[in-house]
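Participant:
Numbering (the numbering used here), first residue to last: 2 to 846.
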C-alpha cells in the first residue's frame, strides 16, 4: 500500500530553545522525505524563533502571526495551509523518535475501513523515563485526564486500543476529516481542545486509536510555564464546561450540567481556604462580622467563577455551536460514554468535595446514565509481586482484577514486578515502598482495594480520601503470633503491638471490608465493634452491617483444569507412572503440620509402598515479605529420619507457577492438608483446599477450620483429628483402596465447584465497586472536619506553590525580557563596541 503524504504542524510561541531538537528529529524521520511537509505556525514570538528557523531550517514553511492566537486556532491555520493527506501534530517542546510518523500512519491505514481517522502517539518525558501520555479519559463533568502521567515508563504496559481522544501534543489525523469537522474549537485557546475534538469525532461516527509504537519525548509543560496558575485554571474550567455543553445529547446534558455547575462552585469555595471566613456571611454570627465590605480572596478561587462567567456571557453563541454539533450526530452517547474510562474521576481531594460528588452522582442518577459501560475506576494493590509463581495474596489480587474488569476499569499494581497479562486490566509495577508512585496510581482511582500491610507501607493512601476496601481474608496477626513466639520476648511484644496497630488503623479508615468466611465475619464484626465502627449511622443504613463487612471467600476458576504435560508421575525420580500420588498442594508454613502427614506416610508404606507423597510447594515466592519457614527444614529432616525421603516422600525444588498447577492436581489421586491446634486454625481459610475442589481431588484434611467443615458436610473426602498420624494413615489408605476413587466423588465436587467459583465468590465486592460509597460514619460533620483539617495544610501549600510559581514566572519573564534587550543591544552593536573597547584596553596591558 502506497504511503500517504503527511503535513507536520508545529505551533510555537517564544519557544526558540525547543525548535532545534524538535525540527531536527522531524528531518530524521524514517518516512520518505518527499511525502512530508513541515510547517511552523508562530504566534508572534519575540525570542528569535523566526530567525532561528530561517537560519537552521529554511525548508520549513513558516506562518508568522502578528499576535498570539493560541494553540487551537494556530493548528487550524496550519491545517488549512497544509497540502498533506494527513495532518501530524507535535508540540514544539518535543522531539520525535525516527519511527514516529510511520508508526502512526501504519495502524491508521490498517484500521481505516473500521472508521479510524485519528491516532494518538505515546508521549514520554524528555529522557524517556516517565510517562506523559499513554491514553486518557474524561470525567462526567468534562475534565480530561492523562493516565499514568509521570509514572515510570518501564512500569506501564501499553498496547494498541481505542481512545476517546488523542493528545494534541502528538497525533495524526486525516486532514480532510479534520477540516470537515471544524478542526480544533477555537474557543478553547488551549487545554482540552483535543478532548473536544476526539469526542466530536466519535459523535460524528469516526474512531480514534492509540499507537504505542509511535513515540515522542516531551519537555512537559515547558510552554505552559509562561502562564499564571489562575489563568490556567480558568481555561481548564471554562473549556470543560464548553466540552460537556456541546457534546452530550439532550437527555444527558440535563442530568450532568446541574451537577457540573454545583461541583465547580464547590471547588471555588474550597480554594478560598482560610482567607474565606464563612461567619462573615452568616446572619446568625453577626457579632463576628466585620464592617469592611471587602474581603481578600485568592485569584485561584475567582478563576472558577470567571470560567463560568465566560460561558454564561457567550451562552447564545455556544448553544448555537451545540446545535450544529448535535445536528451531525451519527453515534449515540451509549456508544461513546464507555470511552470516558474515568467517568467518576475527581479533580479535587477535599473530603467534603468527594462526599458532595457522591451525593450529586446519586441525586442526578449519573451512574444510571452510564449504564452498560464501566463506571468505577478501581486500583487493586497487591502485597506480592506478580509473576508466574503466584502465592495466595497475589492469586487473590489477580482474580479480583480479572472479574472486576468486567464491570469496572481496573488497575492492578504490584511491588517490583507485574509480569502478568489480564484482559482489560492495566497491570503496573512500582518500586517497593515508592510512596510517590503508589500515591499517583491511587489518585486516579475512585476505589482502592488493599490487603496486608499496604496502609502501613503507603500511609499517603489514607490522605487521598478515596473509597477504601480492606481485604481481611488473611488474619496476619494470628499467623504472626506463631511466627513471633520463638523470638526475644521484648521483640515479640513489639512486633505483636505493631501488627495490632496496623490492623486497627485499617479497621478505623476502611469503607468496606471483606473476609473469607462467615466465621471470620463474626471475628471481624467484633473487631470493628471495638473500634466504634458499628455506628448508629451504619445500623440505620443497614442493620445487618453487610454493607460494611461481607464475605468474599477465596474462589476457584469456573473453567475445569486441563492437564498440559506430565509433571510428577513417571517424571520425578522415585515416583512411577502407576504409583498412587498424595499431593500437599502448597507451601510449608510454620502454622501448618506437614510432620503428622509424613509420620502417617511411614504407616501407609507398610501396607502400600506404591503410595507417594509429593510436596508441591517450596519456599514462598515473595521472600522480601515472607521469611523462610523453619517448618520446611523440619519436614525434610523428619522425612530423612524416617527413611522416607526420596522413597515415599518427595519435596519439589521450585514454586509451581500458577498457570501450571492444574497438571499437578490432575495427576494426584488424593490431596492432603494439615495444621496445628491454635487460634489461626479456627479462622483460617485454606486456599489449597479450593484447588483440590477445582480439580475434583478427594482429600484428607485436619479438622478445625471452615473448609474442613465443608469437606465433612459435602463428603469431599475425610476429616481427621489434628496431629493424629494414625487417623491420617487410615484415611489415606481408605481412599487409596476405594475403587475409582476420583470418579466416585464427581457429583459432590460439581456442586462445590459452582458454589466457590470466582464470579460467585466475588459478587459482594463486584456489587460494591459498581456502586461505591463511603461508610455512613464518614458523613459525620466532625469526621469531615477532621479529614478536611488533614488536607488543609496541603491546600494552603498548593496555594502558596501557585503564588510562588506566579512569582517565578514573573521573574522568569522579566529575566527573559532583560536578555532579549541585551541581545538586541548586541545586535545593534552598542554592547559589541564596548566589548571591543574593553578587549583593546586589556590587550594594551
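Where is the CB? At the ideal position from N, CA and C, for every residue including glycine. The structure displayed is predicted, hence computed values, not measured ones.
(1) So, with DSSP's three-state summary, where would you put residue 206?
(2) Candidates 172, 772, 760, 425: which alpha carbon is nearest residue 196's?
(3) Going by beta carbon distance, what residues of the same chain come within less than 8 Å of residue 199, once the five residues before and after it are set aside?
(4) For the alpha helix (DSSP H) holding residue 554, just list the boundary residues, first then last.
(5) On the three-state DSSP scale, how would you describe residue 585?
(6) Smallest Cα separation from residue 343: which of 89, 409, 327, 314?
(7) Quick one: what's got a C-beta closer than 8 Å to residue 681's C-beta in the same chain, skipping five residues either side?
(8) Given this structure, state the Cα-to-Cα distance separating residue 153 from residue 130, to the nearest angstrom.
(9) Note down, in chain order, each residue of its chain lying with its Cβ closer than 8 Å to the Cβ of residue 566, except the 5 sequence neighbours on either side.
(10) Taking C-alpha atoms, which residue in 161, 379, 179, 234 lies nearest to residue 82?
(11) Closer than 8 Å is the cut-off here; do at least three beta carbon pairs connect the stretch 616-624 with the stretch 389-397?
(12) Which two residues bound the contiguous alpha helix (DSSP H) that contains residue 499?
(13) With 16 as the cutoff for other CB atoms within 10 Å, does residue 744 come out buried or exposed?
(14) Which runs of the alpha helix (DSSP H) fall wholly inside the stretch 70-108 and span at least 4 residues, in chain order?
(15) Leaving out the 5 sequence neighbours to the left and right, which residues in its chain are closer than 8 Å to residue 424 when beta-carbon positions are compared?
(16) Distance check for residue 325 and residue 23, CA to CA, integer angstroms please.
(17) Shortest alpha-carbon distance to residue 529 belongs to which of 512, 542, 517?
(18) For residue 590, is the classification buried or exposed, using 16 other Cβ atoms within 10 angstroms of its Cβ as the cut-off for buried?
(19) Keeping to the same chain, check which residues put their C-beta closer than 8 Å to that of residue 660; ignore five residues upstream and five downstream.
(20) Taking the beta carbon of residue 794 as the centre, do at least 16 other beta carbons fall within 10 Å, making it buried, or is it exposed?
(21) Identify every residue that forms a DSSP beta bridge with residue 134.
(22) Using the DSSP secondary-structure output, state which residues sit across from residue 163 in a beta bridge.
(23) Which of the three DSSP states is assigned to residue 372 in this structure?
(24) For residue 156, which option in 175, 42, 132 has the closest C-alpha, if you only look at C-alpha atoms?
(25) So who's on the other strand from residue 427, going by DSSP bridges?
(26) Taking just the CA atoms, how far does residue 693 sit from residue 245?
(27) Rank 28, 234, 335, 729 by C-alpha distance to the C-alpha of residue 299 and give the top, closest one.
(28) Strictly under 7 Å for the Cβ-Cβ distance: is residue 127 near chain D by that measure?
(29) Within the same chain, show all residues whose beta-carbon is closer than 6 Å to that of residue 820, passing over the 5 residues directly before and after it, in chain order.
(30) What runs of the alpha helix (DSSP H), each 4 residues or longer, lie entirely inside the stretch 308-338?
(31) In angstroms with no decimal places, state the Cα-to-Cα distance between residue 594 and residue 652.
(32) Assign residue 247 to buried or exposed, taking buried as 16 or more other Cβ atoms, counted over all protein chains shown, within 10 Å of its Cβ.
(33) From residue 757 to residue 556, what does the alpha carbon distance come to, in whole angstroms?
(34) So is residue 282 buried or exposed if we call it buried at 16+ other beta carbons inside 10 Å?
(35) Residue 532 by DSSP, collapsed to three states: which one?
(36) Helix or strand or just coil, what does DSSP make of residue 12?
Facilitator: Based on what the coordinates show:
(1) Looking at residue 206 - three-state DSSP - the assignment turns out to be coil, as it is neither helix nor strand.
(2) Closest option to residue 196, judged by alpha-carbon separation, among 172, 772, 760, 425: 172.
(3) Here residue 199 has 119, 164, 165, 166, 167, 209 as same chain residues with Cβ atoms under 8 Å from its own Cβ, once five neighbours each way along the sequence are excluded.
(4) Here residue 554 belongs to no alpha helix (DSSP H), and DSSP marks it neither H nor E.
(5) Strand, per DSSP.
(6) When the alpha-carbon of residue 343 is set against those of 89, 409, 327, 314, the nearest one is in 409.
(7) Short of 8 Å from the beta carbon of residue 681, and not among the five residues preceding or following it, lie these beta carbons of its own chain, in chain order: 476, 479, 480, 482, 483, 592.
(8) Taking the straight line joining both Cα atoms gives about 6 Å.
(9) Taken in chain order, the residues that qualify are 664.
(10) Nearest C-alpha to residue 82: 179.
(11) In this structure the stretch 616-624 touches the stretch 389-397; the number of beta carbon pairs closer than 8 Å is three or more.
(12) Where residue 499 is concerned, the enclosing alpha helix (DSSP H) stretches over 490-510.
(13) By the 16-neighbour rule on beta-carbons within 10 angstroms, residue 744 is exposed.
(14) Counting whole runs of 4 or more residues, the stretch 70-108 contains the alpha helix (DSSP H) stretches 72-82.
(15) Taking C-beta separations shorter than 8 Å and ignoring five residues to either side along the sequence, the partners of residue 424 in its chain run 403, 406, following chain order.
(16) Residue 23 and residue 325: Cα-Cα distance of roughly 37 Å.
(17) Minimum Cα distance to residue 529 is reached at 512.
(18) Residue 590 is buried by the Cβ-count criterion.
(19) Only 389 meet the Cβ criterion.
(20) Low per-residue confidence applies at residue 794: pLDDT is 45, beneath 50, and the placement is therefore not dependable, though the value from the model is reported in the following sentence. Exposed, because fewer than 16 other Cβ atoms sit within 10 Å of the Cβ of residue 794.
(21) DSSP lists 124 as the bridge partner or partners of residue 134.
(22) According to DSSP, residue 163 bridges with 210.
(23) If DSSP states are grouped into helix, strand and coil, residue 372 belongs with coil.
(24) Residue 156 has its Cα closest to that of 132, out of 175, 42, 132.
(25) Per DSSP, 412.
(26) In this structure, the straight-line span from the alpha carbon of residue 245 to that of residue 693 is close to 53 Å.
(27) The alpha carbon of residue 299 has as its nearest neighbour, out of 28, 234, 335, 729, the alpha carbon of 234.
(28) Chain labels in this structure do not include chain D; a single protein chain is all it has.
(29) Residue placement at residue 820 is flagged as unreliable, the pLDDT there being 48, under the threshold of 50; a coordinate-derived value is accordingly withheld.
(30) For the stretch 308-338, whole alpha helix (DSSP H) runs of length 4 or above, ordered along the chain, are 316-328, 334-337.
(31) Their backbone Cα atoms lie some 15 Å apart in a straight line.
(32) Buried, because 16 or more other Cβ atoms sit within 10 Å of the Cβ of residue 247.
(33) Inter-residue distance for residue 757 and residue 556 is about 5 Å (C-alpha atoms, whole angstroms).
(34) Its Cβ having fewer than 16 others within 10 Å, residue 282 is exposed.
(35) Coil.
(36) Here residue 12 sits in strand by DSSP.
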